[in-house]
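Asks: Residue 132 is where the sequence shown starts when you use this note's numbering, and the numbers rise one by one after that.
The beta carbon of each residue, even a glycine, is placed where N, CA and C say it ideally should be.
Okay, here's the structure, questions in a sec.
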Amino acid sequence: MADLTGKVAVVTGAGRGLGLAYAQDLATAGASVVVNDIDPSAADAAVESITAAGGTAVAQAAAIGTAEAAQSLVDRAVSAFGRLDVMVANAGVLRDTVLWKMSDEDFDTVVHVHLRGTFTCARAAAVHMRAQAEGGRIICVGSPTGQRGTFGQTNYAAAKAGIVGMVRTWAMELARAAITVNAVIPVAATEMTRTVPFLREHVEALDRGEKLSSFARRAVALGSTADAAGVVTFLASDAAADVTGQAIGVGGDKVSLWSHPQQIVSAFTDDGWSADALAETWPATFGPHAQTVGEPVPQPLEQRA
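Shown next, in the form of structure tokens:
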């Protein structure tokens, strides 16, 4: 059902980590893949890993963010394989620090690569796919940070939340062209998750070649990068032709569907709300429904009170 024979995919930031796993899995399913990375040697090594396994891939080194870089990926797909069917916008960087220490450069760099880079790559793909007139798949990579926030990641949270917002909009705009647009919200053992305190021990366990516990793979939803790749290949396939505008979580043994933001409680008063009226009404009407922030940290049964 996930046969991608004859399809052509671009994966940004695919020299290592999750991007590499996405590219390898797409190629295993039969797609010809353009592997992008800012590091030419990493892109070349990724291509070698794909071709050594019997797949088809070419490299295209570029720093994601600009319109020129995005167009170079589309052009590479067309020149190498004659078409473009799937764009996976995965490339990203981190510049973590708390709000009061974050520089303009820290903020702009992350937003440029993640948010603007996703926009420029999706736009270039959409222009080509609409002209090709055979539908297509745009798959964008979000993060739990963009869904619920993470301490010290103002820039990353803003970019990843913005990506999911764009996905919902593009799903509507591109529906008539049979181009689906979805977001993947992955968790996997990478250099990025190694920096997260409650994930570090599990990442290091994988480094040692240990098998992760059911708790890690299910409650924490953490596994290898390969564990998170199948959802991308599924979304690229004909089996997902009717799936669009969704944010799909994946990690370890778990796949989940994130909700869209919804109003959860409302109240009415005549002639609008004054500050005093809100102060009187908030504790009983809205207070019990206030939302938490940040990802809850799962605790093993033996550590729960």
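Excluding the 5 residues preceding and the 5 following residue 362 in the sequence, name in chain order all residues of the same chain whose CB lies nearer than 7 Å to its CB.
Replies: 315, 379, 381, 386, listed in sequence order.
Asks: Measuring alpha carbon to alpha carbon, tell me which residue in 365, 166, 250, 246 is nearest residue 132.
Replies: Residue 132 has its Cα closest to that of 365, out of 365, 166, 250, 246.
Asks: Output the distance between the C-alpha atoms of residue 159 and residue 398, rounded to the nearest integer angstrom.
Replies: The straight-line gap from Cα to Cα measures roughly 53 Å.
Asks: Once DSSP output is grouped into helix, strand and coil, what is the label at residue 387?
Replies: Here residue 387 sits in strand by DSSP.
Asks: Only counting the same chain, and skipping five residues up and downstream in sequence, which positions put a Cβ closer than 7 Å to that of residue 370?
Replies: Around residue 370: 132, 133.
Asks: What residue range does the alpha helix (DSSP H) around residue 180 cover?
Replies: 171–183 is the span of the alpha helix (DSSP H), which, as asked, contains residue 180.
Asks: Identify, in the order they occur along the chain, each residue of the same chain with its Cβ nearer than 6 Å to the Cβ of residue 347, setting aside the five sequence neighbours on each side.
Replies: Correct list, in chain order: 333, 353.
Asks: Take every Cβ of the stretch 220–238, pair it with every Cβ of the stretch 175–186, and state whether three or more of those distances are shorter than 8 Å.
Replies: Because the criterion of three Cβ pairs below 8 Å is not met, the stretch 220–238 and the stretch 175–186 do not touch.
Asks: With H, G and I counted as helix, E and B as strand and the rest as coil, what does DSSP make of residue 429?
Replies: Note: residue 429 maps to coil in three-state DSSP.
Asks: Check the C-beta distance from residue 205 over to residue 189 and give it rounded, since I have them as a contact under 8 Å.
Replies: Contact doesn't hold; Cβ gap of about 13 Å is too wide.
Asks: Using a threshold of 9 Å, state whether the C-beta atoms of residue 192 and residue 174 are closer than that.
Replies: Yes.
Asks: Which residues does DSSP pair with residue 380 in a beta bridge?
Replies: Partner(s): 316, 387.
Asks: Just to confirm before moving on: does the CB-CB distance between residue 146 and residue 170 stay below 9 Å?
Replies: In contact: residue 146 and residue 170 (Cβ atoms closer than 9 Å).
Asks: In whole angstroms, give me the CA-to-CA distance for residue 330 and residue 144.
Replies: Approximately 22 Å between the Cα atoms of the pair.
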